[in-house]
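Here is the structure we will look at, set down as structure tokens.
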Amino acid sequence: MIKDLLTERAQDRYGTFVGAMDFVEELLVPLEKLINKMSEKPGKPGGWRVATPDELKGMLSTARNDLSALRDKAKEYEAELKAKEWGA
Numbered sequence: 557m558i559k560d561l562l563t564e565r566a567q568d569r570y571g572t573f574v575g576a577m578d579f580v581e582e583l584l585v586p587l588e589k590l591i592n593k594m595s596e597k598p599g600k601p602g603g604w605r606v607a608t609p610d611e612l613k614g615m616l617s618t619a620r621n622d623l624s625a626l627r628d629k630a631k632e633y634e635a636e637l638k639a640k641e642w643g644a
């Protein structure tokens, strides 16, 4: 009985984990649109910019690749993650 409760809790946590990855992926779409609207125009004298649009596109690509790798690992260990209790 306790094992069933722990398994159910683990399945819920896995579902939450996958949902969080989906949520992050959805947030990357408007971020990409914002980056695409940016210009390379130099700023005002004394002004600054953290990163160029090309640098931000590279960072976005890295984030997508990392998220994809995390999703692949989660899928690889899905049965194990759903079957046992996660650390708090």
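Counting in this note's numbering, the sequence shown runs from 557 upward without gaps. A virtual CB, placed ideally from N, CA and C, is assigned to each residue, including glycine.
**Item:** Anticipated Cβ contact below 8 Å, A576 with A639, distance rounded
**Value:** Taking the first residue of the sequence shown as position 1, residue 576 is located at position 20. Taking the first residue of the sequence shown as position 1, residue 639 is located at position 83. Between A639 and A576 the Cβ distance is about 20 Å, and since that is not below 8 Å, they are no contact.
**Prompt:** Excluding the five sequence neighbours on either side, which residues of its own chain have a C-beta within less than 6 Å of the C-beta of L500, listed in chain order?
**Reply:** The requested residue 500 does not occur in the structure, where the chain is confined to residues 557 to 644.
**Contact belief for E596 with L616 at Cβ below 8 Å, rounded distance in angstroms** = In the sequence shown, residue 596 corresponds to position 40, counting from 1. In the sequence shown, residue 616 corresponds to position 60, counting from 1. So it is not a contact: roughly 17 Å between Cβ atoms.
**Asked** Who are the near neighbours of I591 in its chain, counting only those whose CB is closer than 8 Å to its CB and skipping five residues on each side?
**Response** As a first step, residue 591 is located in the sequence shown; it is residue number 35 there, counting from the start. So the qualifying residues of the chain are P609, L612, K613 and L616.
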